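Read through the structure below, which is laid out as structure tokens, and then see the notes.
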Ligand SMILES: NC(=O)c1ccc[n+]([C@@H]2O[C@H](COP(=O)([O-])OP(=O)(O)OC[C@H]3O[C@@H](n4cnc5c(N)ncnc54)[C@H](O)[C@@H]3O)[C@@H](O)[C@H]2O)c1
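Written out as structure tokens, the structure reads:
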């Protein structure tokens with residue numbers, strides 16, 4: 006797909022992997038709409054890349070529709086990237102023998118799964134109306150899972166369930182959208198150096214980097230953005246989940 010002159014919506018675009026994606030797409034000439042519940046952060050990234058921003062919550066369907074409508078202005082919405090999401094650490098039963106909180110489980114499923122569903126479905130509906138390009142291609146949706154979808158660690162019951170759902174949506178979404186020329190690809194990142202991990206002390210961050218097969222460092226958000234650009238440009242990539250993880254396989258803890 007020709008990124009330049011396409012419109013793109015990036016959820017979670019105010020920080021980490023989402024912000025890096027906004028930068029990478031803008032560098033290739035896309036008109037980027039940064040969508041994040043952190044409106045100030047979204048505004049900052051938009052100003053930096055010459056894009057637009059909108060504050061809102063991906064779990065709120067109306068907020069998602071407003072964001073997609075903004076990105077669809079000009080009838081060139083061809084790229085939707087879902088990066089809004091977060092982690093959750095809680096065991097099936099805690100040290101006192103109490104069960105995992107239903108509230109925590111529901112919160113993370115709502116954010117990571119329903120948030121992705123809300124934006125993917127609305128963005129696809131808008132993309133289905135744009136003029137097709139080469140081979141009838143109209144657009145691409147990139148969703149963000151995690152290696153935790155496959156190698157869930159101790160305390161990742163809810164997080165792994167949510168990312169497993171993002172992985173499982175990939176093929177049926179790609180099949181559904183094939184009739185309108187929209188591809189769906191999921192990235193499953195390993196350990197990336199974003200504000201999510203920045204809260205850890207330096208020695209723990211270094212130890213995490215050492216646990217990667219090669220190269221023995223945390224991934225850079227720019228490497229995630231680079232993969233989104235490649236996915237958008239490579240029209241033969243579809244219905245697949247790509248691990249971007251330096252070969253890491255997560256141990257139980
Ligand atoms: N950083 C990693 O190592 C890593 C690894 C695997 C998967 N991931 C996944 O990648 C995604 C991005 O992670 P990150 O490290 O860039 O995190 P981050 O915390 O740096 O950025 C997440 C962004 O999402 C936004 N957000 C959160 N909830 C939202 C909501 N309800 N509505 C709108 N925006 C919301 C936040 O404001 C923030 O700007 C997440 O889904 C995360 O699970 C990250």
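Residue numbers (the numbering used here): 6 to 258.
Backbone N, C-alpha and C fix where the C-beta goes; we use that ideal spot for every residue, glycine too.
All figures in this text were calculated on a predicted structure; none of them were measured in a lab.
- request: Examine the Cβ distances between the stretch 136-144 and the stretch 192-202 and report whether three or more of them are shorter than 8 Å.
  value: Because the criterion of three Cβ pairs below 8 Å is not met, the stretch 136-144 and the stretch 192-202 do not touch.
- request: Return the residue from the list 50, 103, 46, 64 that minimises the CA-CA distance to residue 29.
  value: Selected option, being the one with the closest Cα: 50.
field: Residue nearest to residue 23 in terms of C-alpha spacing, selected from 103, 82, 91, 81
entry: Here the closest residue by C-alpha is 91.
query: Would DSSP call residue 112 helix, strand or coil?
result: Residue 112 falls in the helix class under three-state DSSP.
query: Based on Cα-Cα distance, which residue from 212, 135, 187 lies nearest to residue 78?
result: Ranking 212, 135, 187 by Cα distance to residue 78 puts 135 first.
message: Using 8 Å for Cβ pairs, my map puts residue 55 next to residue 47. What's the rounded Cβ distance?
response: Wrong, their Cβ atoms sit about 14 Å apart, outside the cutoff.
message: Could you tell me the alpha carbon to alpha carbon distance between residue 88 and residue 204, rounded to whole angstroms?
response: Rounded to whole angstroms, residue 88 to residue 204 spans 19 Å at the Cα level.
- prompt: Mind checking whether the beta-carbon of residue 45 lies closer than 7 Å to any heavy atom of ligand 1?
  reply: Taken from the Cβ of residue 45, every heavy atom of ligand 1 lies 7 Å or farther away.
query: If we count Cβ pairs, one from each stretch, closer than 8 Å, do we get three or more for the stretch 204-213 versus the stretch 113-129?
result: No, the stretch 204-213 does not touch the stretch 113-129.
Under the three-state DSSP convention, the category residue 40 falls into: The answer is strand: DSSP assigns residue 40 an E or B state.
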